[in-house]
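Asker:
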Amino acid sequence: MKKLWQKIKKPSSKYSILVLVLVGIGLSLAGTFVVHKGFEMTSTIEFCTSCHTMEQNYAEYKETVHFKNASGVQAQCVDCHQPKDFPGKVFRKLEAAKDLYHHFVTGKIDTPEKFEDHRLEMAQTVWDRMSSQNSKTCKSCHAYDDMDHSKQSAKAAFEMKKAAAKDMNCIECHKGIAHELPNMAGGFQKDFQALQATANEQGATAQTLFSLGEKPLFATADANSKAEGKLLPASEVRVLGRQDNMLNVKIQGWLEKSGKGRVMTEYMGKRVFKATIRGDVKATQQVLAEETDSATDIVWQQVSVEAWVTADDMIDNIQPIWQYAEQMYGSTCNACHAAPDPAHFTANGWISGLNAMSAYYRLSKTEERTLLKYLQNHGKDTGGTGAH
C-alpha cells in the first residue's frame, strides 16, 4: 500500500504531477473532440446514405413530409433513428455496426434484392426498438402536450387525444411514415408454412382436428368426386374413420331452420361460418337441438353432418392457428394504426368492421376468412381473448 501511495503521489521521477495532469487534460479534451466530431460526421444524411443499400430508403424519404414541407423543418435520419442522450447515441452507434457487418462481411443486405428480402425483418427491428423507447425520438419533436388539437382534423384530434391519454408509442399507428412499408405478409405466411409442416408431421392421426384452410367436402372417400360443400378455415371436425389419404368426419354446427340451410355456423345466431353443405353431404344431416334467437326471433337448429375430406392441412390444436391469425392481424391492421382488441366488436360486428378495411390490406380469400374467424371467436360476445 505504501508503494502504491508513493506511486500516486509521484507517478514519475522525470515529469512533475502538474505536467502529467496537463497531459491528461489535453488527452481528455482531444478525445472528447474526436468523439464529438466522429458523432457529428456519422450523423449526417450524407454519411447515412453513403452505402448503396441506403439509396432506396433515401429516395423514399425524399418523397415524405419529413424531408420537405411547408414549414421547412426537416427531420433527418438521426432525428428518428438516434436518441438525443449521449448513452443512447453510443448504444445506437454500436447497434449500427451490425448493419455494416451484414453488408460487408455476411453479404446479407449487399444488393437491392437482398435488402428487399430482409426489409420486413429490419423494419420490425426498428419498430421494436422505437417501442421499447416509447418512441422517444418521435416525441422529441412531436410532444402530446404541445399539440393544438383545434388545428387538427376532427378525426386526427379524436385519435390523438386517445393516444395522449395512454401516452401511446407513436410507432403503433405511424409505420411507413418515412419509408415504404415492407411486404407485411412475409412473417405470417412463414408461420402458415410452419403450420403446414406441423400438420404434415402429425399425419392427421388425432380424433379431433382443425382445418388450416378451405377444404372441399365429399360424400365418398374419393377426392376426385364432386364436392358437396366446403369446410372453412379454423373449423373443428371429429374423425369417424380413415381410408388411404381420406378422413371420414363429423361436423357439428348451427343452421337457420327456414331457408335452404346450407351454411353452418359455430354459434347460434352468430355468423361465424364453419362449413357449407349441399347434396349428399346435407342428406346426412341430423338435428341435435332447436333454439330461437331472442334478439331476432330466428329459429336455429344445431345439426351434425358426415363427410369426407383429404387428410392434408389438418392439425390437432386450434391455438397455433389463432397465433398465426394474431400475427396476421398485427401485420395487416396494425401496419397503419393501432388495431382494436378483438373483443372491441361482436362476432357479427367484425364482419362489417373487417370489410370496411379490406381496401387497405392484401390478403387471399382464405387468409381473410381465417383472420375473420379469429376475430369473431375472440369477440365481445364470444368470450374475448383467451376464451377459445
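Take any residue in the sequence shown, count from 1 to its spot, add 1: that is its number in our numbering. A virtual CB, placed ideally from N, CA and C, is assigned to each residue, including glycine.
(1) Could you name the residues that DSSP lists as bridge partners for LEU210?
(2) Quick check on SER212: buried or exposed, where buried means 16 or more other Cβ atoms within 10 Å of its Cβ?
(3) Considering THR126, what are the terminal residues of the alpha helix (DSSP H) in which it resides?
(4) Count Cβ pairs between the stretch 34 to 43 and the stretch 57 to 77 that sit closer than 8 Å; are there 3 or more?
(5) Near TRP351, what residues of its chain come up, given a Cβ to Cβ distance below 7 Å and the 5 sequence neighbours on each side ignored?
(6) Quickly, what does DSSP pair TYR434 with across the bridge? List them, please.
(7) What is the DSSP secondary structure of GLU291, reduced to helix, strand or coil?
(8) CA-CA distance, ASN225 and TRP309?
(9) Rounded to whole angstroms, how far is the Cβ of PHE116 from the Cβ of GLN57, which I believe are closer than 8 Å?
(10) Assign LYS231 to one of three DSSP states: helix, strand, or coil.
(11) Pick helix, strand or coil for PHE159, following the three-state DSSP scheme.
(12) Starting from the Cα of ALA228, find the closest Cα among ILE278, LYS261, GLY254 and give me that residue.
(13) Could you tell me if LEU274 is buried or exposed, where buried requires 16 or more neighbouring beta carbons within 10 angstroms of its beta carbon?
(14) Report yes if the CB atom of MET329 is closer than 7 Å to the CB atom of ALA200, and no otherwise.
(15) I'd like the list of long-range same chain contacts for TYR52, defined as Cβ closer than 7 Å, with 5 residues on each side in sequence excluded.
(16) I think HIS150 touches ALA158, with their Cβ atoms under 8 Å apart; what is that distance to the nearest whole Å?
(17) Just list the beta strand (DSSP E) runs in the stretch 270 to 314, keeping only unbroken ones of 3 residues or longer that don't cross its boundaries, in chain order.
(18) Kindly indicate the opening and closing residues of the beta strand (DSSP E) around ILE252.
Answerer: On the basis of the data shown:
(1) VAL238
(2) buried
(3) 120 to 133
(4) no
(5) LEU373, LEU376, GLN377, GLY380
(6) Lying before the first or after the last residue shown, residue 434 is absent from the chain, which here runs from 2 to 389.
(7) strand
(8) 12 Å
(9) 7 Å
(10) strand
(11) helix
(12) ILE278
(13) First, the residue type needs correcting, since residue 274 is Phe and not Leu in the sequence shown. Classification for PHE274: buried.
(14) no
(15) The question names Tyr, yet the displayed sequence has Cys at residue 52. So the list reads HIS104, once near-sequence residues are dropped.
(16) 4 Å
(17) 271 to 278, 287 to 293, 300 to 311
(18) 247 to 257
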